[in-house]
Amino acid sequence: DQQVKQNSPSLSVQEGRISILNCDYTNSMFDYFLWYKKYPAEGPTFLISISSIKDKNEDGRFTVFLNKSAKHLSLHIVPSQPGDSAVYFCAVNYGGSQGNLIFGKGTKLSVKP
Amino acid sequence: SQTIHQWPATLVQPVGSPLSLECTVEGTSNPNLYWYRQAAGRGLQLLFYSIGIDQISSEVPQNLSASRPQDRQFILSSKKLLLSDSGFYLCAWSVAGQGRGSYGYTFGSGTRLTVV
Numbered sequence: 008d009q010q011v012k013q014n015s016p017s018l019s020v021q022e023g024r025i026s027i028l029n030c031d032y033t034n035s036m037f038d039y040f041l042w043y044k045k046y047p048a049e050g051p052t053f054l055i056s057i058s059s060i061k062d063k064n065e066d067g068r069f070t071v072f073l074n075k076s077a078k079h080l081s082l083h084i085v086p087s088q089p090g091d092s093a094v095y096f097c098a099v100n101y102g103g104s105q106g107n108l109i110f111g112k113g114t115k116l117s118v119k120p
Numbered sequence: 207s208q209t210i211h212q213w214p215a216t217l218v219q220p221v222g223s224p225l226s227l228e229c230t231v232e233g234t235s236n237p238n239l240y241w242y243r244q245a246a247g248r249g250l251q252l253l254f255y256s257i258g259i260d261q262i263s264s265e266v267p268q269n270l271s272a273s274r275p276q277d278r279q280f281i282l283s284s285k286k287l288l289l290s291d292s293g294f295y296l297c298a299w300s301v302a303g304q305g306r307g308s309y310g311y312t313f314g315s316g317t318r319l320t321v322v
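Keeping their order, the protein sequence lines are chains Z and H.
For reference, each letter of the first sequence is one residue, going 8 to 120 in this note's numbering.
For reference, each letter of the second sequence is one residue, going 207 to 322 in this note's numbering.
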């Protein structure tokens, strides 16, 4: 059973508008949440993260919101740019000394000019 | 600064042939190392992780194996490839004991493996 779910496989947004990518998780013990961005034929790159002690973290055009009661995480990109077109993976850290991450299946964002 | 190298970038192999993918990390010591696979239409699946030389843990049973002969070298292997082994393979590293930190992992550029 998936512990991290990204229910929208794709999202299309007009340039300049807001992109909202969603992620749900099952385990309330997860304490660190991350978003990665991946272009085709490249490895994912870290984008932004949030600790479970916070409900919002902002970095430029990117903001991550955490709703612990709903076990829901979202990434807002505003304004969206064509260069933001990529696959976005939500990931949670399930702890241990190795700090393994569990990834969602990803959402492919297309920002149209 | 730390860098991670992964090769080859693309590989086409016949069914039943062996596989060896290599990953090396520079600029850090005793990293945690990981192999992930992204299969078509699926997310990133953790295959193996290692917290030290010759210390390998497997997350899923499969046709693949991993080895860590040196501190900053991680190798993914198979004796006989299956069609289902096709996918995009990613190596990653994290600071030992700090994978849960704010930056998670640093990924290599990946290997696109096609088994024909």
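The beta carbon of each residue, even a glycine, is placed where N, CA and C say it ideally should be.
Indicate whether at least one CB of chain B lies closer than 8 Å to the CB of residue i.
i: Asn29/Z; result: The chain labelled as chain B is not found among the protein chains of the depicted structure, namely Z and H.
How many Å lie between residue i and residue j at the Cα?
i: Ile129/Z; j: Leu28/Z; result: Nothing about residue 129/Z can be read from this structure; chain Z reaches only from 8 to 120.
i: Pro86/Z; j: Val118/Z; result: 10 Å
i: Arg306/H; j: Leu41/Z; result: Model confidence at Arg306/H stands at a pLDDT of 46, short of 50, so the residue's coordinates are unreliable; what they give is reported in the following sentence. Whole-angstrom Cα-Cα distance: 10 Å.
i: Asn107/Z; j: Val94/Z; result: 21 Å
i: Asn14/Z; j: Lys61/Z; result: 24 Å
i: Leu288/H; j: Tyr242/H; result: 17 Å
i: Ser263/H; j: Ser273/H; result: 10 Å
i: Leu18/Z; j: Glu49/Z; result: 20 Å
i: Gly233/H; j: Gln219/H; result: 32 Å
i: Thr209/H; j: Gln276/H; result: 16 Å
i: Cys30/Z; j: Gly113/Z; result: 9 Å
i: Leu73/Z; j: Val221/H; result: 45 Å
i: Leu282/H; j: Gly23/Z; result: 42 Å
i: Lys115/Z; j: Ser235/H; result: 35 Å
i: Lys12/Z; j: Gly314/H; result: 24 Å
i: Thr216/H; j: Thr320/H; result: 8 Å
Reducing DSSP to helix, strand and coil, say where residue i ends up.
i: Leu289/H; result: helix
i: Asp31/Z; result: strand
i: Pro89/Z; result: helix
i: Tyr295/H; result: strand
i: Glu232/H; result: strand
i: Ser315/H; result: coil
i: Gln13/Z; result: coil
i: Gln208/H; result: coil
Buried or exposed for residue i, going by 16 or more other Cβ atoms inside 10 Å?
i: Val99/Z; result: buried
i: Lys45/Z; result: buried
i: Ala298/H; result: buried
i: Lys90/Z; result: The amino acid occupying residue 90/Z in the given sequence is Gly; Lys does not appear at that position. Under this definition Gly90/Z is an exposed residue.
i: Ser300/H; result: buried
i: Asp206/H; result: Given that chain H is displayed from residue 207 to residue 322, the structure contains no residue 206/H and the question cannot be resolved.
i: Pro47/Z; result: exposed
i: Thr312/H; result: buried
i: Ile25/Z; result: exposed
i: Arg248/H; result: exposed
i: Asn34/Z; result: exposed
i: Thr317/H; result: buried
i: Lys285/H; result: exposed
i: Asn238/H; result: buried
i: Val322/H; result: exposed
i: Ser223/H; result: exposed
i: Pro51/Z; result: buried
i: Ser56/Z; result: buried
i: Ser256/H; result: buried
i: Gly310/H; result: buried
i: Val266/H; result: exposed
i: Gln261/H; result: exposed
Strictly by DSSP, which residues pair up with residue i?
i: Leu41/Z; result: Ser56/Z and Ala98/Z
i: Ile25/Z; result: Answer by DSSP bridge pairing: none, since Ile25/Z is not bridged.
i: Tyr255/H; result: Tyr240/H and Ser263/H
i: Asp66/Z; result: Phe69/Z
i: Leu282/H; result: Leu227/H and Ala272/H
i: Val20/Z; result: Val118/Z
i: Asn74/Z; result: His79/Z
i: Val321/H; result: Gln219/H
Just to check, is the beta-carbon of residue i closer than 7 Å to a non-hydrogen atom of the ligand COA?
i: Ser226/H; result: Looking for the ligand COA in the displayed structure turns up nothing, as the structure carries no ligands at all.
Cβ-based contacts, 8 Å cut-off: residues of the stretch 37–56 of chain Z near chain H: Asp38, Tyr39, Leu41, Tyr43, Ala48, Glu49, Gly50, Pro51, Thr52, Phe53 and Ser56
Interface positions of the stretch 57–76 of chain Z facing chain H (Cβ-Cβ less than 8 Å), listed along the chain: Ser58
Short-range partners of chain Z found in the stretch 243–272 of chain H, where Cβ spacing is below 9 Å: Gln244, Gly247, Arg248, Gly249, Leu250, Gln251, Leu252, Tyr255, Ser256, Ile257, Ser263 and Glu265
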